[in-house]
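Heads up: the first sequence runs through residues 1 to 914, numbered per my numbering. Glycine included, each C-beta is placed from N, C-alpha and C at the ideal position. A quick note: this is a predicted structure, and the numbers were derived from the prediction, not measured. In what follows, a structure is listed as structure tokens, so that the remarks can point back to it.
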Amino acid sequence: MSSSDDDMPIRKGRMNGVKSQDHIPKNVDRALDKEMPSNGDINPGVSVRMGPVEEEMDVDEPHSGAQTNGKRKARASVSNGKSYKEASASDGEDDVPLSKRRKTSKSKLASDSELSDDEPIARKTHAKKPPKVTAAQIGESSDSDTPLTAKLAKEKKQIEKAAEKTAKAIRAEEEKSAATKRKPKKEDTDSDDDVPLVNKKKPAPSARKASNGVKDESDDDVPLSRKAPPAKKAKGKAEPSAPAKKGKGKNVKAETEQDEDAEAEEEEYRWWEDPTKGDGTKKWTTLQHNGVVFPPPYEPLPKHVKMRYNGVLVSLHPDAEEVAGFYGSMLNSTHNVENPTFNKNFFADFKEILDKTGHAKDKDGKTVKITAFEKCDFKPIFEYYDAQREAKKALPAAEKKAIKAAKDEAEAPYMYCMWDGRKQKVGNFRVEPPGLFRGRGEHPKTGKVKKRVEPEQITINIGKEATVPPPPEGHRWKEVKHDQEGTWLAMWQENINGAYKYVMLAANSDIKGQSDYKKFEKARELKKHIDKIRRDYNKDLKSEVMADRQRATAVYLIDQFALRAGNEKGEDEADTVGCCSLKFEHVTLKPPNTVIFDFLGKDSIRFYNEFEVDPQVFKNLKIFKKAPKKDGDEIFDRLTTATLNKHLSSYMPGLTAKVFRTYNASYTMSQLLQEMHSKGTIPEKVKDYNDANRKVAILCNHKRTVAPGHAGQIEKMQEKINGIRYQQWRLRQMMIDLDPKIKKKKGAEFFERPEDLDDEWVKQHQESLVTQEREKIRKKFEKENEKRVADGEKEMKPKELEERMEAADELEKKFKKENKTGKVEAEGKGITIDKLEANIEKLTERIEAQKLQLEDKDNNKEVALGTSKINYIDPRLTVVFSKKFNVPIERFFSKTLREKFDWAIKSVDEDWEF
DNA sequence: CGACTATACTCAGTCTGGAGGTC
DNA sequence: CGACCTCCAGACTGAGTATAGTC
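Pasting the structure below:
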């Protein structure tokens, strides 16, 4: 992987980060490096301790066995009888083989490998008990967590806004004062960090109650708008009402006014400074919206457009025809249409609908039963749809615009909702249209028909007070709910995987912003625990308890290499893995301590990396892979994501595997930005930022498919560079022409043609230069003629063109002569050695610039920066960079991102630290 | 099991660079 | 001759979408 080079530095640095004092990355790295080499001693200790453990294990087995077994059984069935347990010929108690072996090896325990395999499963449960660890951990986390509360730096911000006029406003006032009172009481004076919202969860309610008598519930109930802290309040004047409100009942109108208020105060309301936000599970008090937009109904094909079966044109029931159309319209997508699974699944579903609607009919109305996929010819359908597509594309711009405007207007009512009286953008209000399911990677269900979603399948979530959006004529909703703990407005279940689809608010909404904020605060909170976590897992890498050792190893991988948790997956899903679900064949061990990961991760994106790991990790993986495990068996057979996360949450409430990704991404970014002394022009600074962004993206393995024209583009750039280099060489030869002695002065080497620009290349290059010249002349000639015609003058004669072409002929001759004599005549009037030198220097600069661009482009070809920017890098880091180096934030965040990260843009100054 | 985040891809619209022209 | 303008194909961006994860 080309990308691995780039990221290695980071990852290496982070490797073995046990000791890190996280704020000082360099120290961390150094400490780590020092540590790495040692460690030869680990084995003995481990093995020795194994003995006792085993005995315990057997005893415990029953308990833990239940859990473990369940999980493993599930796996076994999935993997088709190839599971580890079966391989080891056990009776289904997969533990048995392990413990047996354990027993045998008990006494000797000479080697790690012996120890390992036999770990008592039961140990898992047992081991958890050790009060020291757990207690210590819990104690620690709770200690540090409790206080924090409203510590946000923004506290300082002033509160000066006038009160709202509505009754709600009054309540808001109450809230405000409550909030203000609350603030002072926090006791966490020890930390400078912003308080993660998460932590407030527990402490908050009781604390509040005690201090100000506000009941929890009411806290939660307060709509956002009313909760706004005393800070700048809106003056709440009326504004033109948004389209979304049209056609609503009176309560809607009432809300509309509120809406207006909300809008007026929109920029002013800073929920992230509002200590009452973010706790509790009740997400809203009042909620109204207009439901969802359905895709347009199916439009049957014109009568003359039919598929062929066995060479005969046949007509279908509209329902079947629609499905045929799904397939027909994508004949140009060879990627799908040539995939046997895709075709098989499609045809199965197609036949099903045919059976239901009656099969095809020929022109005489006779039934033609469709039974063989090969005999289906969808080309006529394809051509029809393709023509439609073309026609649409060819539409004049004005018309396209008009169509779009009409669509926008029709959808306007659905774009926004009123959430606790504040107007909020809805994310995906369009119901997903029917089609053929693609799936990513080798998805077993690819090609299946994704059915049209009927209103009867859709559940609406809305405030009790709100008008329920009417279902389409003649239909009804599946259900109307008032679930205030949910953030979704509508929901349905999709037919392919039975997955739930939700309509939720857009990324720039308060609620999404809040959870985004919480996510990053949680990651920052992890900073406080990471040292202990790393210490612990490094210790547990040698644990005698298999489950613990596996867990420690997994956490190591997640922490160091940003692996995902890796939940179990079903048989009918693409075969992808994450940390906990890594299989035997995904990990290759290369002594002394290099591990090669090669597997398909989320979205079937390949994860390939060779990492040097802690020797103990290397040993552990070896153990976890020990026979009889083989391809298809899980490496972490004693570990599930649930156990892992449970363990993690003992360090810090809400800590799960995915937090490490956020933490490490943001932390890495913050380190990179901190080390940066970005100087120069804005584009240069932007590039510096992007370079850091790229490192994070590589860390997270965020990839994109290489653009189809990429290779060509690179080649083009390379040719361009070569052209410059050639020109440079010619200039040097001209120097000789001017002053033959200069060859000695400068050394012959200076004048040699670069090796890769061999005779063959030169010939071709010259030819292309000459043809280019000819083209240029011809085009100019034609253009001039056109102009003449337009002006009513007469055209120039072909003779003129011939004459002009002589310039190109000259060039050709000149090259020929140069090739023959090996000399280049100095050209240009008044040319001097000095001028040539200057020109050469200029070209050198151009070459360098081009090379840089090329490298950049190539390095970037399969790295996607967006995902990490949107989901992993704390936006406040970007804001800090922007302020510190005086680069407009627009250079980093698009309009939508600026809206999404509004809270970050407004809440930090350049001193803020992750 | 349900709900929420995270991902890559698509497509349309925007931007860019550089050829050619003008002043 | 260079500073500046115009035009256009092709590269790049961004919003939107649909799928795949996590917990």
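Coil, strand or helix - residue i by DSSP
{"i": "residue 377", "result": "strand"}
{"i": "residue 480", "result": "strand"}
{"i": "residue 856", "result": "helix"}
{"i": "residue 520", "result": "helix"}
{"i": "residue 313", "result": "strand"}
{"i": "residue 611", "result": "strand"}
{"i": "residue 287", "result": "strand"}
{"i": "residue 634", "result": "strand"}
{"i": "residue 873", "result": "coil"}
{"i": "residue 661", "result": "helix"}
{"i": "residue 832", "result": "coil"}
{"i": "residue 408", "result": "helix"}
{"i": "residue 757", "result": "coil"}
{"i": "residue 307", "result": "strand"}
{"i": "residue 705", "result": "coil"}
Residues of its chain near residue i, where Cβ-Cβ distance is below 8 Å and the 5 sequence neighbours each way are ignored
{"i": "residue 721", "result": "847, 850, 851 and 854"}
{"i": "residue 717", "result": "850, 853, 854 and 857"}
{"i": "residue 213", "result": "Note that residue 213 has pLDDT 31, beneath the 50 cutoff, so the model's placement of it is unreliable and the number below is only indicative. There are no such residues."}
{"i": "residue 873", "result": "665, 666, 669, 693 and 696"}
{"i": "residue 737", "result": "823, 824, 825 and 826"}
{"i": "residue 742", "result": "735, 736 and 833"}
Same chain, Cβ closer than 7 Å to residue i, neighbours up to 5 away in sequence not counted
{"i": "residue 425", "result": "415, 416, 505, 506, 508 and 509"}
{"i": "residue 875", "result": "901 and 904"}
{"i": "residue 920", "result": "Coverage of the chain is limited to positions 1 through 914, which leaves residue 920 absent and any answer about it impossible."}
{"i": "residue 618", "result": "589, 593 and 595"}
{"i": "residue 586", "result": "577, 597, 598 and 599"}
{"i": "residue 411", "result": "293"}
{"i": "residue 894", "result": "none"}
{"i": "residue 378", "result": "307, 324, 327, 328 and 331"}
Alpha-carbon spacing of residue i relative to residue j, whole angstroms
{"i": "residue 900", "j": "residue 513", "result": "7 Å"}
{"i": "residue 252", "j": "residue 312", "result": "Below a pLDDT of 50, predicted positions are generally treated as unreliable, and residue 252, at 34, falls in that range; the measurement from the model is reported next regardless. If I take the Cα positions, the gap works out to 58 Å."}
{"i": "residue 871", "j": "residue 702", "result": "11 Å"}
{"i": "residue 676", "j": "residue 863", "result": "22 Å"}
{"i": "residue 373", "j": "residue 333", "result": "17 Å"}
{"i": "residue 896", "j": "residue 405", "result": "20 Å"}
{"i": "residue 399", "j": "residue 281", "result": "48 Å"}
{"i": "residue 501", "j": "residue 573", "result": "17 Å"}
{"i": "residue 838", "j": "residue 700", "result": "45 Å"}
{"i": "residue 824", "j": "residue 795", "result": "38 Å"}
{"i": "residue 860", "j": "residue 712", "result": "15 Å"}
{"i": "residue 724", "j": "residue 843", "result": "7 Å"}
{"i": "residue 810", "j": "residue 730", "result": "17 Å"}
{"i": "residue 761", "j": "residue 832", "result": "29 Å"}
{"i": "residue 392", "j": "residue 651", "result": "57 Å"}
{"i": "residue 471", "j": "residue 290", "result": "10 Å"}
Nonlocal neighbours in the same chain, by C-beta distance under 6 Å from residue i, ignoring five residues either side
{"i": "residue 375", "result": "309 and 310"}
{"i": "residue 320", "result": "353, 354 and 357"}
{"i": "residue 603", "result": "440"}
{"i": "residue 613", "result": "593 and 595"}
{"i": "residue 492", "result": "453, 457, 458 and 501"}
Margin query: Could you check whether the stretch 660-676 touches the stretch 592-602, counting it as contact only if at least three pairs of C-beta atoms, one from each stretch, sit closer than 8 Å?
Written below: no
Check: Counting Cβ pairs, one atom from each stretch, are 3 or more of them under 8 Å apart for the stretch 290-298 and the stretch 351-362?
Finding: No, because fewer than three Cβ pairs between the stretch 290-298 and the stretch 351-362 fall closer than 8 Å, the two stretches do not touch.
Check: Taking the runs of the alpha helix (DSSP H) that are 4 residues or longer, which of them lie wholly in the stretch 323-370?
Finding: Listed in chain order, the complete alpha helix (DSSP H) runs (minimum 4 residues) inside the stretch 323-370 are 334-337 and 340-357.
Note to self: Please give the ranges of any alpha helix (DSSP H) in the stretch 497-579, keeping only runs that are unbroken, at least 4 residues long and fully inside the region.
What the structure shows: For the stretch 497-579, whole alpha helix (DSSP H) runs of length 4 or above, ordered along the chain, are 510-540 and 546-561.
Item checked: Touching by the beta-carbon criterion (3+ pairs, under 8 Å), the stretch 518-537 and the stretch 644-662 -> yes
Notebook entry, point to check: Just checking, does the stretch 474-491 make contact with the stretch 370-385 on the three C-beta pairs under 8 Å criterion?
Noted result: no
Note to self: Three or more C-beta pairs under 8 Å: does that hold for the stretch 283-297 against the stretch 454-465?
What the structure shows: Yes: the two stretches touch, three or more of their Cβ pairs being nearer than 8 Å.
Item checked: Sufficient close CB pairs (3 or more, under 8 Å) joining the stretch 353-372 to the stretch 316-326 -> Taking 8 Å as the limit for Cβ pairs, the verdict is that the stretch 316-326 does touch the stretch 353-372.
Note to self: Just to confirm the assignment: which complete beta strand (DSSP E) runs, minimum length 3, are found wholly within the stretch 417-499?
What the structure shows: 422-425, 459-461, 479-481 and 490-493
Next item on the list: Examine the Cβ distances between the stretch 799-812 and the stretch 764-777 and report whether three or more of them are shorter than 8 Å.
Entry: Contact annotation: the stretch 799-812 touches the stretch 764-777, with at least three C-beta pairs closer than 8 Å.
Margin query: Taking contact to mean 3 or more Cβ pairs, one atom from each stretch, closer than 8 Å, check whether the stretch 905-914 and the stretch 876-894 are in contact.
Written below: yes
Checklist line | Runs of alpha helix (DSSP H) wholly within the stretch 774-851 (minimum 4 residues, chain order) | finding: List check, alpha helix (DSSP H) in window: 798-821.
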